[in-house]
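Below: the structure, in structure tokens.
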Amino acid sequence: MRKDRIAAIDVGTTKVCTIMADVYNKEEIRVIGVGVTPSRGLHKGLVVNLHEARESIRRSVRMAEQMAGRRLESAYVGVTGRHITSINNRGSIAITRSNQVVSPSDLKRVLDVARSVKVPSEQRLLHVIPREYVVDGQGGVKNPVGMHGFRLDVETHIITAAVTSVQNLTKCVHSTGVDVEDLVMEPLASAEAVLTPEEKQDGVLLADIGGGTTDIALFKDNTIYHTAVIPVAGYQVTRDISIGLGVTFEFAEEMKKRYGNVMPVMEEEEGRGKDRDKNIAITGDGHSISYRDLSEIIRMRVEEILRLIMLELPQQDYEKLIPAGLVLTGGGANLPGIAELGEMVTRVPVRVGRPISLAGVSDMLDDPAYATAVGLLLWKMRNQDSTVTPAKDGALRRMLTRMFRLFR
Ligand SMILES: Nc1ncnc2c1ncn2[C@@H]1O[C@H](COP(=O)(O)OP(=O)(O)OP(=O)(O)O)[C@@H](O)[C@H]1O
Ligand SMILES: [Mg+2]
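Just add 160 to wherever you are in the sequence shown, counting from 1, and you've got our numbering.
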């Protein structure tokens, strides 16, 4: 039996999650180490303090290593933030061989044409994902190799990221002695962990509501159609509570997680359930707040986030575009009632997506907040042939990272 090593680091705005795993026969993943630590030095998905971010990553990596009982050498790393842009681009080539049959080298050639799209110098390519191939004008082809034709086109989804943001992130990871195997845009990773093949086929919108950003990916006909990053998420919900009720941010965060609910507390419910009606008795700084005020504040902000998510859709005909509806994941999706509120606001089916469960010590990953980290592990396995991710670490970089590892 063939055994490979694989690892993922999700550097989120609120937590860093490292997962180490073994992959058997290139398909069965067994988790052997998990490390989750609160993150510092990040803002809206971006590294803003190198030293703090590095320390958070280091702690998370060490924790996973200790559990796994081995060193972490390289990992898939998630990228998010407002600096990420995406476009759909088409590439075309002529099939010049005398027999007019599409060969694997033609695929490579047409993808090269698609990825030669002009990228501003401050941006770099992150993904060039083939969505479909078109042979002599006939579209919807998933794999054209062996088909006859004179002309081959490819529709691609191209994702770029700011060079500096990516550099800061990789620098932090390298300085903990870990190589960056590949960078993956976060909602693509989350999608791997929570969406079903049927949903991707029918049309579905995924929204990962994290701490600093809400990351979006739209799938249709089993291919990625649109990706976006909205800079509003769980942090704003907590800040609203903090300002609205005049409590500290930490306290507001605790209130949100413990008592938060996005559905309004009904009049009759208040009358019926005496406990609900009562103000929450607060330990610590002596405040008391009602469920109703708390849920009102949370609901207003979450409603806004849900509307912003829907605004990302290229057209209004939701039933046709996303019959499978909206899937919410990320830590923010833990708010009770969010799926119900989502259906009221968006008028499409809404569910909360948890990452699929993996073998091994993965029970602690059963939370929407770990969708990205679990998805990073799945991403490469499932997209081996369909992504062209440029620029792996250079030889010098690898040597420096090894030196860091030795010093550890
Ligand atoms: N039980 C809960 N109820 C409500 N909110 C929660 C709960 N658990 C976590 N959250 C919220 O989820 C957010 C963190 O989510 P997540 O861990 O997915 O973010 P992240 O990956 O660190 O950040 P980002 O993806 O934005 O960089 C925080 O705002 C937190 O308050
Ligand atoms: Mg996240």
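All residues carry an ideal CB built from backbone N, CA and C; glycine is no exception. All figures in this text were calculated on a predicted structure; none of them were measured in a lab.
Using a C-beta cut-off of 8 Å, the segment 353-368 makes no contact with the segment 184-202, since fewer than three inter-stretch Cβ pairs fall below that distance. A straight line joining the alpha-carbon of Glu464 with that of Met423 spans about 14 Å. The three-state reading of DSSP puts Arg291 in strand, counting E and B together.
In this structure, Arg284 sits near Ala321, with a CB-CB distance shorter than 8 Å.
The beta carbon of Tyr293 sits closer than 6 Å to those of Val301, Pro304, Val314, all from its chain and outside the five residues before and after it, given in chain order. Asn249 is bridged by DSSP to Thr316. Within the model, the alpha-carbon separation for Gly485 versus Gly513 is close to 12 Å.
Per DSSP, the beta-bridge partners of Val364 are Phe379.
With respect to the 8 Å criterion, Pro357 and Ile376 are not classified as neighbours on the basis of their beta carbons. When DSSP reads this structure, His334 sits in no beta bridge, so it has no partner.
Annotation: Ile318 to Phe409 spans about 38 Å, alpha carbon to alpha carbon. Here Val344 is not near Val397, since their CB atoms are 8 Å or more apart.
Listed in chain order, the beta strand (DSSP E) elements of length 3 or more contained wholly in the segment 183-246 are 188-198, 234-239. When secondary structure is reduced to three states using DSSP, Arg162 falls in the coil class, being assigned neither helix nor strand. The continuous alpha helix (DSSP H) containing Leu537 extends over residues 531-542. With 16 or more neighbouring CB atoms inside 10 Å of its own CB, Pro528 falls in the buried class. Look at Ile482 here: in three-state DSSP terms it is coil, with no helix or strand label. Within 7 Å of the C-beta of Ala529 there is at least one heavy atom belonging to ligand 1.
For the set Val333, Leu466, Leu471, the Cα lying nearest the Cα of Arg214 is the one of Val333.
Annotated as distal: Val221 and Thr173, with beta-carbon spacing of 8 Å or more.
Remark: the shortest separation between the CB of Glu215 and any heavy atom of ligand 1 does not fall under 7 Å. In the three-state reduction of the DSSP assignment, Arg461 falls in the helix class, which pools H, G and I. Beyond the five residues adjoining it in sequence on each side, Thr240 comes within less than 6 Å, by CB distance, of Gly205, Glu346, Thr373, Asp375, Val389 in the same chain, given in chain order. When only Cα atoms are considered, Asp170 and Gln298 end up about 40 Å apart. Within 10 angstroms of the beta-carbon of His243 lie 16 or more other beta-carbons, which makes it buried. According to the DSSP assignment, Gln396 belongs to the alpha helix (DSSP H) that extends over 394-405. When distances are taken from the beta-carbon of Asp170 to the heavy atoms of ligand 1, the shortest one is below 7 Å.
In this structure, Asp342 is the residue among Asp342, Thr506, Val270, Arg418 with its C-alpha nearest to the C-alpha of His287. Ligand 1 never approaches Glu341 closely enough for any of its heavy atoms to be under 7 Å from the residue's Cβ.
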